[in-house]
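Here is the structure we will look at.
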Amino acid sequence: MSRERTAPTVTLTSRALWRLRLARALPRYLLCAASVAGLAASARFAVVPPRPVELLAARPGSPQRDQAAEAYAALFVRRYLTWNAAEPQASTTALEPFVGGGVEPDAGLVLPASGEQHVEWAEVVQAREPTPSEHVYTVAAQTSSSGLLYVTVSVAWSSDGGLALAGYPAVVGAPAAGPAQAAARLREVSDPELETVVERALRNYLAGSSSELAADLAPGARVSLPNLGLNLVSVQRLDWAPGAGAVLATVQAEDGRGVRYTLAYELDVLSSQGRWEISAVQTDADA
Numbered sequence: 002m003s004r005e006r007t008a009p010t011v012t013l014t015s016r017a018l019w020r021l022r023l024a025r026a027l028p029r030y031l032l033c034a035a036s037v038a039g040l041a042a043s044a045r046f047a048v049v050p051p052r053p054v055e056l057l058a059a060r061p062g063s064p065q066r067d068q069a070a071e072a073y074a075a076l077f078v079r080r081y082l083t084w085n086a087a088e089p090q091a092s093t094t095a096l097e098p099f100v101g102g103g104v105e106p107d108a109g110l111v112l113p114a115s116g117e118q119h120v121e122w123a124e125v126v127q128a129r130e131p132t133p134s135e136h137v138y139t140v141a142a143q144t145s146s147s148g149l150l151y152v153t154v155s156v157a158w159s160s161d162g163g164l165a166l167a168g169y170p171a172v173v174g175a176p177a178a179g180p181a182q183a184a185a186r187l188r189e190v191s192d193p194e195l196e197t198v199v200e201r202a203l204r205n206y207l208a209g210s211s212s213e214l215a216a217d218l219a220p221g222a223r224v225s226l227p228n229l230g231l232n233l234v235s236v237q238r239l240d241w242a243p244g245a246g247a248v249l250a251t252v253q254a255e256d257g258r259g260v261r262y263t264l265a266y267e268l269d270v271l272s273s274q275g276r277w278e279i280s281a282v283q284t285d286a287d288a
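Put into structure tokens, the structure is as follows:
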């Protein structure tokens, strides 16, 4: 029995001569292009070298807030200025956590033969940073017998990670302050409809009437009503705030006892479908 053999076939495909030449020359072209790009980059760096990244440092006199150190300073001042001559041991016990080898017992405080004093409130009002590990705080303290006092306290972080006094306190004057600054002249609001909406919204806001205020609020507006209910007496000025989208209202308001206040409010406003709406009162609408 014989088998038929299948003859092999040959397929001829024609290609353009320029394609064959391009395929052979393409690697050389790519190598030349990479070399040119490298030379161009080297030339750029030689003419205009890259500048190093500059790290922004905190300005002298403006240290980052250290809430733990602030609280430590305020607590020390509160205990330092609170005493009762009839119970000197109580003052000693209160100051024990703050004293050590660096200062005398009781932080150098010697009580009189009689009398007493307590602190009604104490608050840090100024801070500076003479060294990276030391804060100097000015603490305002309202006392029962000496009135309002200002005390500076040096607080340092120790090597073991704890807070410690960096010396004795000092009784000082109030931080430097000047008279109130007049506001820059602003463009006055001349839209009667906006004036009406702002006055109505502030009247309801000060009175704590959330249901009435809602009628003038934009969708999604968040407004926190004050705890002290006030009656709006008048709107003295209404100006456009710098930028756009907010107005500044200076008003007079009165509480239930007849105490009258001059107050200033910033209101974010927007025009929607031909009417003005309030999107925020004295707060950041985007926060």
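Adding 1 to a residue's 1-based position in the sequence shown gives its number in our numbering. A virtual CB, placed ideally from N, CA and C, is assigned to each residue, including glycine.
Classify Asp269 as helix, strand or coil using the three-state DSSP reduction.
-> strand
If you draw a straight line from the C-alpha of Ala265 to the C-alpha of Ala250, how long is it?
-> 6 Å
Looking at Ala167 and Val152, is the spacing between their C-beta atoms short of 8 Å?
-> no
First through last residue of the beta strand (DSSP E) which encompasses Val199 = Here Val199 belongs to no beta strand (DSSP E); instead the alpha helix (DSSP H) covers Pro193 to Ala208.
Evaluate Val172 with the Cβ neighbour count: other Cβ atoms within 10 Å of its Cβ, from every protein chain shown; 16 or more gives buried, anything less gives exposed.
-> exposed
Pair every Cβ in the region 211-227 with every Cβ in the region 268-281, then say whether three or more of these pairs are closer than 8 Å.
-> yes
Just to check, is the beta-carbon of Ala208 closer than 7 Å to a non-hydrogen atom of the ligand MN?
-> The ligand MN is not among the ligands present in this structure, which contains no ligands whatsoever.
Please look up how many angstroms separate the CB atoms of Ala108 and Val100, rounded, as I've assumed it's under 8 Å.
-> 6 Å
In terms of residue numbering, what span does the beta strand (DSSP E) encompassing Pro131 cover?
-> Val120 to Thr132
DSSP puts Ser238 in a beta bridge; with which residues?
-> According to the sequence shown, residue 238 is Arg rather than Ser. DSSP output for Arg238 lists Thr251 as bridge partner(s).
Report buried or exposed for Pro106, applying the criterion of at least 16 other Cβ atoms within 10 angstroms of its Cβ.
-> exposed
N- and C-terminal bounds of the beta strand (DSSP E) containing Arg276 = Arg276 to Val282
Tell me whether the beta-carbon of Asp240 lies closer than 8 Å to the beta-carbon of Arg188.
-> yes
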